[in-house]
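Protein chains: 2
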Amino acid sequence: MNLRTRSRRLAVAAAAGALVVGSSALAYAATDLSDHGGAQRNHGDKTKTIARALDGGKAENVILLIGDGMGDSEITSARNYEHGAAGKLPGIDALPLTGQYTTYSLGKDGKPDYVPDSAATGTAWATGTKSYDGAISVDVDGKPQATLLELAKKKGLRTGNVSTAEIQDATPAVQVAQVTSRRCYGPVATAAQCPTNALENGGEGSISEQLLDTRPDVTLGGGAATFSEVAAAGRWKGRTLQQQAVERGYQLVDDADSLAKVRSADQRRPLLGLFASGNLAQRWIGPKATEDGGSKPAQRCTENPERTDAQPTLADLTDKAIDLLDEDGRRGKGHGGGKDEGFFLQVEGASIDKADHAANACGQIGELIDLDEAVQVALDYAKKDGNTTVIVTADHAHTSQIVEAGSTTPGYTVNLLTNEDRPMTINYATAEAEGSQQHTGSQLRIAGYGPQAANVVGLTDQTDLFFTISRALGLSKSGRH
Amino acid sequence: MNLRTRSRRLAVAAAAGALVVGSSALAYAATDLSDHGGAQRNHGDKTKTIARALDGGKAENVILLIGDGMGDSEITSARNYEHGAAGKLPGIDALPLTGQYTTYSLGKDGKPDYVPDSAATGTAWATGTKSYDGAISVDVDGKPQATLLELAKKKGLRTGNVSTAEIQDATPAVQVAQVTSRRCYGPVATAAQCPTNALENGGEGSISEQLLDTRPDVTLGGGAATFSEVAAAGRWKGRTLQQQAVERGYQLVDDADSLAKVRSADQRRPLLGLFASGNLAQRWIGPKATEDGGSKPAQRCTENPERTDAQPTLADLTDKAIDLLDEDGRRGKGHGGGKDEGFFLQVEGASIDKADHAANACGQIGELIDLDEAVQVALDYAKKDGNTTVIVTADHAHTSQIVEAGSTTPGYTVNLLTNEDRPMTINYATAEAEGSQQHTGSQLRIAGYGPQAANVVGLTDQTDLFFTISRALGLSKSGRH
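Printed below as a string of structure tokens:
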């Protein structure tokens, strides 16, 4: 698999302003969209295809991919830009079973809050418990809730946690820690903002410290900065979290080369890859949305020079995580050295959200394309494996909307030139330019493949996803900590 | 069935500012949303339920319900308002099979236009042909395309066309007419804006005139004004369209009482019910979205005094249309007087879109609840009948977004108090206040029940819907006129 090379090539072509003709572009160029039936996506009755996609059995592995802030509007603009309106996102659009789910969070009074944050939404699918904005796998009363990753580990499964964000950011954090505020990355913030969680107060520690305790086999993301903080109490008192990780047997890597050299990861030698001090660099940059951006000539996105080859792509990270989580299983089988336990892996494309907050259309689209490539990796593996469930969804909807090409609106607009050489205008209007564009409260697309994936069809809630994955992996029914 | 009474009662309670506790509200009040699993919508594996919902066979009847402008954001805000975030829209949310579809239109050059209008989108599902904004069932070259309603009629099925808009508006028009511009309601506009379609130039006439020619068994909506226009040429020259309708055997009704008295409708005596000069009055009114509306105290929607009992609800119209389209079939069977031919019925909740354009949250939500009641009528019938496909979707996405409660944003916000006593702030920011809020380009939810409904699952295009319904009803494969 060399998605990295392919994506670089596409990006370079895009940067040169060329009309990129990939396989998807060729597919739609071959038919005339204005013909009767020319824009069809189905060809004939697919009832049997859907029936074949239904599998109520158990999965050996589950890969959950989250596009942070990836609403239907974000999916559509990325598809339009990269593959054309009639094209297909080769990962995201290939999931056979689809539905919508509700994402609301709760106030601390237990009443619905219609616009959630990524902490409450992650807590919902990680634990099956609705909670308040800011909660990292604790309920509205601050009580810890067991997570999918923890329950999978308890059952003897291998586990992985991958993100393009700081690894302490809400979405990766909800699988490995229980703290009362998402801001409690390390000992310093925890002392101030999550006092009941602080080690010095008898708590379980910050998100980073709990991550080291939870000890997934594979942890890959950003957020190295926090690991220079010093433990305030307990066995590791006075030592940095990085020293602690080394002493506790973690393999530490920090770039694509050192990651490539890792041959195995397990409970004896878990892998902790931190590829940036903060969040990983985004794939694309482009024109900023401005008050009159929609009326300007349509522009192309270009490669972000800050994302160097030293930083693995999300597809690379996903590919490596699957290799490491699966490999020992296969080795075990092949050498009679143990049974294949299966694995649970969460993968987050985090900066769709971060770019949407910043009214940065090229950033947002590039990150969605990056996630789509990770979905392709997961689906390819699942199809070969034959016993893996892949679920792709988002945590909450976001601001960006596709508006009339060339129009300006209240708030901010930007005009992009898509790969099919058409203008696409995107609007951001839930905050002023200097502020952060808001999450929105719409229900979201959820899609799946493999055992138990039929449970995403129809209308579900975000908490249902915990139970769907628990059922697929045969995890303990109790989700309590 | 007395949905009318029930909906009035709910509306009155809502108007009084009371916490409305309907069946849905009771359902969620019984569990604590903050409990582990308390917010689940599924209860156990539903793979078998989904498998049972798959039916690749033929349908005797198809009911297609369109919420104009009903994106996922509009669905979510209506659910939150009326049934609570954890509640269920009893019609829309009950469809078992779900997916997303793309809605882009084409320029006259055949290239994608990412934000479509209701004419191009209606043309897509009515004919299977993508076309330009403004096109009423003609392709990008202006060539007429056969519609589902016409093809159904040709096969001997009964047909119906119901809308809360003017019956010449784009969504109802696409099933009964082929004109080059959606504005060509009657002879006057057609002479000026669709000259090739004008009778005096050898064309097929305006939308209203073609509607009379197409002669569905049941046509119910608004738009009476145009019927006072006078035919400019042909057999009916000099007579009003209303006179023409009477002379051609149509039964004309104009209010709930006269509609109630109709006992049958068929090709000898088709029914034309026009209940308003323009569009039907909307169900609810409420506070206007303003620059600082989000920061004002949350308010309730109230009943629109302009919608009197003389105007049937969309559920009433749907119920009556089904009765008339089905009754003769049943009578035929019962009396040995003929076989049951089945029917095709399109129902549009038009003013979700119109209220969204006007940044009118209460209007939009009330119309969506109205459509949901029509969906309940259709689903109830389909479940009893056992051989009816029901599809519910929208034509294009729209502006409204649910933002942080109490926030103000660029553009316009309004703060509503939902039935679960929580503030919900909605933003409109794709046009200035005096302008019309825009359609948006996001993919949309499509959901179905019954034979061939599995074809909505996954990602499809709006044109696929033509082929899905054609296949369900066994219509002629050629969609050409």
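For the record, the sequence lines run as chains L and D. Just so you know, we're using numbering that gives the first Met the number 0 here: the first sequence kicks off at 0 and counts up by one. Just so you know, we're using numbering that gives the first Met the number 0 here: the second sequence kicks off at 0 and counts up by one. Think of the CB as a built atom: it goes at the ideal place given N, C-alpha and C, for glycine as much as any other residue.
On the CB-based measure, 16 or more other CB atoms within 10 Å of its CB, does residue i come out buried or exposed?
{"i": "threonine 307/D", "result": "exposed"}
{"i": "threonine 317/L", "result": "buried"}
{"i": "asparagine 41/L", "result": "buried"}
{"i": "alanine 393/D", "result": "buried"}
{"i": "glycine 333/L", "result": "Note that glycine 333/L scores a pLDDT of 39, beneath 50, so its modelled location is shaky; the value from the coordinates is reported in the next line. Flag for glycine 333/L reads exposed."}
{"i": "asparagine 86/L", "result": "In the sequence as displayed, the identity of residue 86/L is glycine instead of asparagine. Flag for glycine 86/L reads buried."}
{"i": "serine 227/D", "result": "exposed"}
{"i": "glutamate 372/D", "result": "buried"}
{"i": "alanine 475/D", "result": "According to the sequence as given, residue 475/D is serine; it is not alanine. Burial call: exposed."}
{"i": "glycine 335/D", "result": "Note that glycine 335/D scores 39 on pLDDT, short of 50, meaning its location in the model is unreliable and no value can be drawn from it."}
{"i": "glutamate 208/L", "result": "buried"}
{"i": "asparagine 196/D", "result": "buried"}
{"i": "glutamine 266/L", "result": "exposed"}
{"i": "glutamate 431/L", "result": "exposed"}
Three-state secondary structure (DSSP) at residue i?
{"i": "glutamate 305/D", "result": "coil"}
{"i": "arginine 262/L", "result": "coil"}
{"i": "glycine 385/L", "result": "coil"}
{"i": "valine 61/D", "result": "strand"}
{"i": "threonine 189/L", "result": "helix"}
{"i": "glutamine 298/D", "result": "strand"}
{"i": "aspartate 463/D", "result": "helix"}
{"i": "asparagine 454/D", "result": "helix"}
{"i": "tyrosine 100/L", "result": "strand"}
{"i": "histidine 82/D", "result": "helix"}
{"i": "valine 346/L", "result": "strand"}
{"i": "leucine 279/L", "result": "coil"}
{"i": "threonine 146/L", "result": "coil"}
{"i": "alanine 24/D", "result": "Caution is warranted here: a pLDDT of 40 is assigned to alanine 24/D, below 50, making its placement in the model unreliable, and the coordinate value is therefore given only provisionally. Alanine 24/D falls in the helix class under three-state DSSP."}
{"i": "histidine 35/L", "result": "strand"}
{"i": "arginine 51/L", "result": "helix"}
{"i": "glycine 293/D", "result": "helix"}
{"i": "isoleucine 166/D", "result": "coil"}
{"i": "proline 89/D", "result": "coil"}
{"i": "arginine 444/D", "result": "strand"}
{"i": "arginine 470/D", "result": "helix"}
{"i": "alanine 134/D", "result": "coil"}
For residue i versus residue j, is the C-beta distance shorter than 8 angstroms?
{"i": "serine 294/D", "j": "threonine 417/D", "result": "no"}
{"i": "cysteine 300/D", "j": "glycine 405/D", "result": "no"}
{"i": "glutamate 165/D", "j": "glycine 121/D", "result": "no"}
{"i": "glycine 98/D", "j": "serine 441/D", "result": "no"}
{"i": "alanine 264/D", "j": "valine 217/D", "result": "yes"}
{"i": "valine 402/L", "j": "lysine 287/L", "result": "no"}
{"i": "leucine 148/D", "j": "glutamine 345/D", "result": "yes"}
{"i": "alanine 280/D", "j": "aspartate 168/D", "result": "no"}
{"i": "threonine 381/L", "j": "isoleucine 62/L", "result": "Sequence check: residue 381/L is alanine here, not threonine. Yes, they are a contact pair."}
Along chain A, which residues have their Cβ under 7 angstroms away from the Cβ of residue i?
{"i": "threonine 388/D", "result": "Going by chain labels, chain A is absent from the structure shown, which instead holds the protein chains L and D."}
- Message: Using a Cβ-Cβ cutoff of 9 angstroms, what residues of the region 342 to 368 of chain L are near chain D? List them in chain order.
- Response: none
- Please name the residues in the region 428 to 454 of chain D whose beta-carbon is closer than 7 angstroms to at least one beta-carbon of chain L, in chain order. Ala428, Thr429, Ala430, Glu431, Gln437, Thr439, Gly440, Ser441, Gln442, Arg444, Gln451, Ala453, Asn454
- Task: With 9 angstroms as the C-beta to C-beta threshold (strictly closer), list the residues of the region 390 to 423 of chain L near chain D in chain order.
- Result: Ala396, Thr398, Gln400, Ile401, Val402, Glu403, Ala404, Ser406, Thr408, Pro409, Gly410, Tyr411, Thr417, Glu419, Asp420, Arg421, Pro422, Met423
- Listed from N- to C-terminal order along the chain, which residues in the region 63 to 90 of chain D have their beta-carbon within a distance smaller than 9 angstroms of any beta-carbon of chain L? Gly70, Asp71, Ser72, Glu73, Ile74, Thr75, Ser76, Arg78, Asn79, Gly83, Ala84, Ala85, Lys87, Leu88
- Message: Any contact between the region 227 to 247 of chain D and the region 169 to 182 of chain D? By contact I mean 3 or more CB pairs, one from each, below 8 angstroms.
- Response: no
- Listed from N- to C-terminal order along the chain, which residues in the region 37 to 50 of chain D have their beta-carbon within a distance smaller than 9 angstroms of any beta-carbon of chain L? Gly37, Ala38, Gln39, Arg40, Asn41, His42, Gly43, Asp44, Lys45, Thr46, Lys47, Thr48, Ile49, Ala50
- Query: Of the residues that make up the region 113 to 137 of chain L, which ones have a beta carbon closer than 8 angstroms to any beta carbon in chain D?
  - Reply: Tyr113, Val114, Ala123, Thr126, Gly127, Thr128, Lys129, Ser130
- Does the region 126 to 141 of chain D come close enough to the region 72 to 85 of chain D that 3 or more CB-CB pairs lie under 8 angstroms? no
- Is the region 447 to 458 of chain D touching the region 382 to 398 of chain D, taking contact as three or more C-beta pairs under 8 angstroms? yes
- Are there three or more Cβ pairs, one per stretch, closer than 8 angstroms when the region 366 to 374 of chain L is compared with the region 33 to 48 of chain D? no
- Task: Anything in the region 162 to 188 of chain D with a Cβ closer than 8 angstroms to a Cβ of chain L? List those residues in chain order, please.
- Result: none
- Query: For the 8 angstroms Cβ check, are there 3 or more pairs between the region 241 to 258 of chain L and the region 268 to 279 of chain L?
  - Reply: yes
- Query: Just by C-beta distance, which residues in the region 465 to 476 of chain D are closer than 7 angstroms to chain L?
  - Reply: Phe466, Arg470
- According to a CB-to-CB cut-off of less than 7 angstroms, which residues of the region 294 to 322 of chain D neighbour chain L? none
- Query: Counting Cβ pairs, one atom from each stretch, are 3 or more of them under 8 angstroms apart for the region 154 to 165 of chain D and the region 53 to 68 of chain L?
  - Reply: no
- Task: State whether the region 113 to 120 of chain D contacts the region 423 to 440 of chain D, with contact taken as three or more CB pairs (one from each stretch) at a distance under 8 angstroms.
- Result: yes
- Task: Examine the Cβ distances between the region 418 to 431 of chain L and the region 465 to 472 of chain L and report whether three or more of them are shorter than 8 angstroms.
- Result: no
- Task: Anything in the region 90 to 105 of chain D with a Cβ closer than 7 angstroms to a Cβ of chain L? List those residues in chain order, please.
- Result: Asp92, Pro95, Leu96, Thr97, Gly98, Gln99, Thr101, Tyr103, Leu105
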